Amino acid sequence: MKKLVLIMIFLGCKAISQAAGIDPFISKSYVKGSFALAGKGMVSSILVSGNEWPGVIRAATNLQVDVEKVTGLKPAFLSDKTANTAIIIGTIGKSNIIDQLIQDGKINVAGVAGKWESTLIEVVMNPAPGIDSALVIAGSDKRGTIYGIYELSGQMGVSPWYYWADVPVKKSEALFAISGRHIIASPAVKYRGIFLNDEAPALSGWSKKEFGGFNSKFYSKVFELILRLKGNYLWPAMWGSAFNDDDPMNPVLADEYGVVIGTSHHEPLARAHDEWKRYKGGKWNYDQNPEQLRAFWESGLKRVADKEQIITVGMRGDGDEPMTAGTATALLEKIVKDQREIIEKVTKKPASETPQLWALYKEVQAYYDKGMRVPDDVTLLLCDDNWGNIRKLPKLNEAPRKGGYGIYYHFDYVGDPRNYKWINTNPIQKIWEQMNLAYEYNANQIWIVNVGDLKPMEFPISFFLDYAWAPDAIPAEKLKQYTIDWSAQQFDKTYAVEIAEILDLYSKYNGRVKPELLNDRTYSLTNYNEFENVVADYQKLEQKARFIFDQIPAEQKDAYYQLVMHPVEASANLYNLYYHVAKNKLYAKQGRFDTNAMADQVAAWYKRDEEITQYYNKTMANGKWNHMMDQTHIGYTSWQQPEKNAIPKTIRQTSGSAQTKPQMGLAIEGSDSSWVSNEKVNVAVPTFDHDINSSHYIELFNKGNGSVNYQIKAPSHVKLSTAKGILNEEKRIWISIDWGRAPKGKTLANLMITGSDGTKLSVPLSLNHATYTNQIVNAFAERDGYISMEAPNYSRAMSNRPIFWKTIPNYGKTTGGVLPVPVTSPAQNLDANTPHLEYDLYLNLAGTFNLHTYISPTIDFTNSDGLKFAVSIDDEPPVIVNISAGYQTDPAWRRSVADNIKIFKTAVNFKKSGRHTLKYWMINPGVVLQKLVLDLGGLKPSFLGPPETFISKSK
C-alpha cells in the first residue's frame, strides 16, 4: 500500500524526470526511509568541499536560493563544517568529501564514475562523523554534479524557466528525498545546445535594456538556463556581436559555469564574424589573403585555448555567404589543414585532442559530396534546410568516425523563402520525427538548434534538449504526455491537460504556414469554408486559453501569458486580420455595401496587433521583457523582414463609387460569384448528402444603403434558418434537409428568393439521398467530386516484421502523420508482403482519376536517387512515386517548405464503380504520409485539402 501511495505522489513528475534519465525522488510527504530536506521549520544544510569546481559551487549556491524560495527556509552553506542532516554535493575525483565517502564504502559509484555527465543521487545514513543522514549528489564530472543539483531543484518545484519565463516557484513547507539509488545516466547526445541568432531587433534590444548588451551579466542567465535544461553547449549571438571580444568575462564565466562554447558554422577558430570588420580585416579570401586570416584566427584562438570549446573549422564566404563560385576543394582542404596547424601551435597538443566541427551547411555539403574530406576526429555537423528538414545523414553501413556526426537544426531563420522569427512555429511532432532520424542514424555527437531570440521558443527548446538527453524515453506515443507534464511543471496539474492541448494546437496551426508567410490568399475563402474554419478554430483556442488565464492564480499569469496566451492571442489576431483582408476583397468584387466595414475590421485587427505587442513589451511582468516582441511580422514584400509593420492594403468604396439605393445581392457557399435582380444563378449550392448530413448556406447582402425586405420559398423537405426578414447589411441563411421527407436518389430542388427591390432569383439545390448497401459500411465515399482520406484513418495497416506503421498524432497540417518504422529499415522491393496501408473507398463511377498524395517535405537524407512510395488500386500493379525528383530546384524547394507539404498527383484507374481498396506502399523509410485525396472531377484548390469524407454505417 505504501508503494502505491508513493507512485501516486510521483505520478505528476514521472514523465519529465524519466526524459532526463532519472525517476522522481522528491516527495512533499514523508515516506519510510526518506531524507528530510525541509520540514517542521528545519532545513538541511548544503555541504560542498572547498576544492570543488567553481561551477559546482555556483550551482550549489543556486540550490540554496531555490530551497529558500520553495520552503521559506535558507539552508546553511558549509565547506569545512558538518551538520546533523546535509545535502552533500561533489564531483567524483575532485571533491574531497565525495572521494572519502567512496573510500569509506558509504556510496557505490559503479556505473557513474568515469561516465560522461552522469550522476548518483542517494540517501545515505551516517555518511560521515557528525552527520546522521544525508542526500548525496555525486557527479561523474563537473556537469554531472551540476545536473544533479538542478534535477533536485526541478523536482522541488523550481522550473528551469523561472527567470526566462517568470514561472513561479511551487511552494512547499516540507520536502523529502526518497531512499534508493537514483541514477542520471549519460546522455544519448554528447553536446546539446542552442544558437542565439538573428537576434535583432528583439533579443538585442532587450539585452541592451536589461544588461547593457550581450555581456557576462546577460550570458550568466543563459548559461544557467542551459544547465538547468541539461544542455551543455552554446553558439553565442553573433550579428554585430562578438562573444570573446565584447566582454572578456564571457568566456571565463562560460568555462566556470560548465558551458561549452562554439562559434557558428561560418566563424572559424573561435572568432566572431563581426571581429573581422571591427579590426579592419581585408579580403575574406584565403586564396588572396591567407597571412592576415591565419593571424586573425590564431590570435582569436589564443584567448580561449584553455577553455572548453568546440572549434569550428572550414570557411564560408564573407557574411555567411557562399564561397566564391569555382572555389576548389583543394583550397578548402588546405584551409582546414592550416587551421589545425594553428590549433596545434596554440594548444601545444595534437589537433585531434581539441574537439572540432565542420558544418556541412548549404553549399558546403556539396564540397563533401564531391569528395572533400577532413580528418576523422573532426565532427561532421550535418544540417537541415533551415526549415526543419534534415538534408543528409550518415550511411548506416559506413565505418564510424572518431569525431562522429552532429545536427544543426532550426527553430528560427533569416532567408529564403521568408524569414520566420516572430513566434514559435515548431510543433514538437515535427522536431521528434526529424531528430528521431538523426538519433537512429547515429548523428549523436552534437545537436545544436538555432533558437533566434531564445524567447518565445521556450517549449520547443525544452523538448529539443530533453529529447537529446534520452530519445528512447520519449517515443512518439508519449509526446502528448510530455506536453502535459511540461505544462504541469510550469504551472500545476489543475489545467495541465488543457494547457497541453493549447500548446499542441497552436504550434500545429502555426506550423502549417509561418505567420510571416500568411496572407489573405493562403487559405481559400470560398472552397470548403477553409479560411473561416481555421479562423474559427483559432478563436476557439483563444477562448479556451483566455478562460484558463482568467482562472489561474495571479502569480502564474505572466508566465502563462508568455508561454501560452500570447502565441495564441497574437496568432488568432493575425489570422483574423488576413481573413478580413480576404473578405474585404471579395466584398469589393461582389459590390457589397459592407466592403468598407471589412476594411475597418482590418484596421481594428491591425491596431489590436499593436496592442498585444505593447502589452507583452510594456505591461506584462512590469515591462521586464520590453523589446522582446519588437520583431516585425506584417507587411513582408520579399524574404527579408520589413523595417516596420505595414497594414495590408484594402479596398474602399468611395462616395462616388458606392451604390446609394438598397439592392439585394446573392452569394453562394463555395463560389466567389454573386447575382442580383433577375440574373440566372448558374452555380449550385454544394451537394446535400444524406450520409454526411451536412448543412450549407447562401448569403443575402445589400449593395447599397438602406434596407430590403426578402422572402425565400423552398420545398417542404428543405429547411431554412430563416425564410423572410429585413436585409440591412448581410444575412447568412443556413439550409438543411429533412431526409425523412426528401425524395430518394439524386434529385434537384430550387429556392425562390424575392425582394422588395424587385429581385427574383432561383437557387438550384442538389440532393443525394442514395441509400448505400452494406458494402459501403466503414469506407471513404465521394462528396462533391472528391474522396478525402486522412492518413491515420486507414482501414488496415499491413506490416511485415520488423517493419510496422507508426502514427504521430497531430503531426503535420491536419490529423497526423503515418510512417514506416524502424526508420533505418532498408528500401523495400514491392511484392504482396511489402508493408502498406489500405483505405476502403466507394465510387459511384468508373474511370481514371488523379490521386493527390500529401507527403511531408522530407529531403532525401540518403543522398541517393530519392525517397519513394507507391500507390495502387485493388490488385493493380503499384505506381512508384519519387518524392525527391521534382524538388531539386530552388523554386520547387521553396514551395514545399513554404506550404510545408509536397503533393503528388498520380493517375489511378477504377475499372468499375463500387467498393475498392486504395493501397499506399512503403518503399523508403523516412516518408511521412499526411493525407490522400482522390479527385473525381470536383476537387477545388485549398491549402489544407478538402475535409475527410468517411462514412460509417452499421449493417
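Under the working numbering, the sequence shown has 77 at position 86, and the numbering climbs by one with no breaks.
Ideal Cβ placement from N, Cα and C applies to all residues, glycine included.
On a predicted model such as this, the values are computed, not experimentally measured, just so you know.
With distance defined between alpha-carbon atoms, name the residue in the options nearest to residue i.
{"i": "Leu532", "options": "Lys162, Pro937, Val899 and Asn501", "result": "Asn501"}
{"i": "Pro366", "options": "Asp376, Gly394 and Ala434", "result": "Gly394"}
{"i": "Trp725", "options": "Asn719, Ile717 and Ser712", "result": "Ser712"}
{"i": "Trp378", "options": "Lys361, Thr370, Leu371 and Pro418", "result": "Pro418"}
{"i": "Asp329", "options": "Lys340, Ala350 and Gly305", "result": "Gly305"}
{"i": "Leu691", "options": "Val127, Thr678 and Leu657", "result": "Leu657"}
{"i": "Glu523", "options": "Leu445, Gly661 and Pro706", "result": "Gly661"}
{"i": "Thr798", "options": "Gly917, Thr750 and Gly857", "result": "Gly917"}
{"i": "Val250", "options": "Tyr210, Pro677 and Leu496", "result": "Tyr210"}
{"i": "Ile949", "options": "Asp71, Gly272, Thr513 and Asp748", "result": "The requested residue 949 does not occur in the structure, where the chain is confined to residues -8 to 946."}
{"i": "Ala579", "options": "Ser629, Tyr627 and Thr645", "result": "Thr645"}
{"i": "Leu225", "options": "Leu445, Leu828 and Asn769", "result": "Leu445"}
Mind checking which residues open and close the alpha helix (DSSP H) that includes residue i?
{"i": "Asn235", "result": "Phe234 to Asp237"}
{"i": "Val337", "result": "Thr320 to Thr338"}
{"i": "Lys268", "result": "His264 to Arg269"}
{"i": "Gln347", "result": "From DSSP, Gln347 is part of no alpha helix (DSSP H) but of the beta strand (DSSP E) over Gln347 to Ala350."}
{"i": "Asp890", "result": "Asp881 to Asp890"}
{"i": "Ile89", "result": "Asn87 to Gln94"}
{"i": "Lys383", "result": "No alpha helix (DSSP H) holds Lys383; DSSP gives it neither H nor E."}
{"i": "Gly196", "result": "Ala193 to Phe202"}
{"i": "Met589", "result": "Thr586 to Gln605"}
{"i": "Arg49", "result": "Pro45 to Thr62"}
{"i": "Ser144", "result": "Lys133 to Met147"}
In terms of residue numbering, what span does the beta strand (DSSP E) encompassing residue i cover?
{"i": "Ser898", "result": "In the sequence on display, residue 898 carries Ala and not Ser. Unbroken beta strand (DSSP E) run through Ala898: Lys893 to Phe901."}
{"i": "Gly443", "result": "Ile437 to Gly443"}
{"i": "Lys922", "result": "Leu920 to Asp926"}
{"i": "Pro118", "result": "Thr110 to Ala119"}
{"i": "Val127", "result": "Ile122 to Gly130"}
{"i": "Ala27", "result": "Phe26 to Gly30"}
{"i": "Trp275", "result": "Looking at the DSSP string, Trp275 is not in any beta strand (DSSP E), and its letter there is neither H nor E."}
{"i": "Gly308", "result": "Note, Gly308: premise wrong, no beta strand (DSSP E); not H, not E."}
Give the C-beta separation of residue i and residue j to the nearest angstrom, bearing in mind that I take them to be a contact with Cβ-Cβ under 8 Å.
{"i": "Val870", "j": "Thr844", "result": "Actually they are not in contact, since the Cβ atoms of Val870 and Thr844 sit about 10 Å apart, beyond 8 Å."}
{"i": "Val525", "j": "Tyr552", "result": "Contact doesn't hold; Cβ gap of about 23 Å is too wide."}
{"i": "Val114", "j": "Ser25", "result": "7 Å"}
{"i": "His760", "j": "Arg732", "result": "Not confirmed; about 10 Å, so no contact."}
{"i": "Met1027", "j": "Lys893", "result": "Coverage of the chain is limited to positions -8 through 946, which leaves residue 1027 absent and any answer about it impossible."}
{"i": "Asp246", "j": "Lys298", "result": "4 Å"}
{"i": "Ala563", "j": "Gln605", "result": "That belief does not hold up - the Cβ atoms of Ala563 and Gln605 are roughly 17 Å apart, past 8 Å."}
{"i": "Phe450", "j": "Leu554", "result": "7 Å"}
{"i": "Lys212", "j": "Tyr277", "result": "Incorrect: roughly 37 Å between the Cβ atoms, too far for contact."}
{"i": "Ile140", "j": "Leu54", "result": "5 Å"}
Item to check | In chain order, each beta strand (DSSP E) run of at least 3 residues that lies wholly inside the region 746 to 792 | outcome: 751 to 760, 770 to 772, 777 to 781 and 787 to 789
Next on the checklist: Suppose only complete runs of 3+ residues qualify. What are the beta strand (DSSP E) ranges in the region 780 to 865, listed by chain order?
Outcome noted: 787 to 789, 795 to 800, 807 to 812, 827 to 834, 838 to 846 and 859 to 864
Next on the checklist: In chain order, what are the residue ranges of uninterrupted alpha helix (DSSP H) at least 4 long that sit wholly in the region 498 to 576?
Outcome noted: 521 to 542 and 548 to 551
Item to check | Minimum length 3: unbroken beta strand (DSSP E) runs contained in the region 674 to 726 | outcome: 687 to 693, 699 to 704, 709 to 711 and 715 to 718
Item to check | Touch test, the region 164 to 177 against the region 584 to 604, Cβ-Cβ under 8 Å, three pairs minimum | outcome: no
Checklist entry - Would you say the region 482 to 495 touches the region 386 to 393, given that touching needs at least three Cβ pairs under 8 Å? => result no
Checklist entry - If we count Cβ pairs, one from each stretch, closer than 8 Å, do we get three or more for the region 420 to 439 versus the region 178 to 198? => result yes
Checklist entry - Between the region 216 to 230 and the region 143 to 152, do at least 3 Cβ pairs fall closer than 8 Å? => result yes
Checklist entry - Taking three-plus beta-carbon pairs below 8 Å as touching, is the region 897 to 914 in contact with the region 422 to 434? => result no
Checklist entry - Does the region 57 to 77 come within contact of the region 99 to 108, defined as at least 3 CB pairs closer than 8 Å? => result no
Next on the checklist: I'd like to know if the region 501 to 517 and the region 402 to 414 are in contact, where contact means that at least 3 CB-CB pairs between them fall below 8 Å.
Outcome noted: yes
Checklist entry - Hey, which unbroken runs of the beta strand (DSSP E) at 3 residues or more fall wholly within the region 388 to 467? => result 396 to 401 and 437 to 443
Next on the checklist: I want to know whether the region 831 to 840 touches the region 921 to 934 - three or more CB-CB distances under 8 Å.
Outcome noted: yes
Checklist entry - Are the region 532 to 546 and the region 590 to 605 touching by the rule of at least three beta carbon pairs closer than 8 Å? => result no
Item to check | the region 234 to 253 touching the region 16 to 35, judged by at least three CB pairs closer than 8 Å | outcome: no
Item to check | Cβ contact (3+ pairs, closer than 8 Å) linking the region 337 to 351 and the region 816 to 823 | outcome: no
Checklist entry - Do the region 768 to 776 and the region 787 to 795 make contact, defined as three or more Cβ pairs closer than 8 Å? => result no
Next on the checklist: Taking contact to mean 3 or more Cβ pairs, one atom from each stretch, closer than 8 Å, check whether the region 35 to 46 and the region 83 to 90 are in contact.
Outcome noted: yes
Checklist entry - Between the region 852 to 869 and the region 799 to 809, do three or more beta carbon pairs fall short of 8 Å? => result no
Next on the checklist: So, does the region 569 to 579 touch the region 624 to 642, judging by three or more C-beta pairs under 8 Å?
Outcome noted: yes
Item to check | Stretch pair the region 193 to 203 + the region 145 to 165: three plus CB contacts closer than 8 Å | outcome: no
Next on the checklist: Quick test of the definition: if touching needs 3 or more C-beta pairs under 8 Å, does the region 330 to 347 touch the region 285 to 295?
Outcome noted: yes
Checklist entry - Contact between the region 456 to 471 and the region 221 to 231: three or more CB pairs below 8 Å? => result yes
Checklist entry - Touch check for the region 871 to 885 and the region 845 to 853: three-plus C-beta pairs under 8 Å? => result yes
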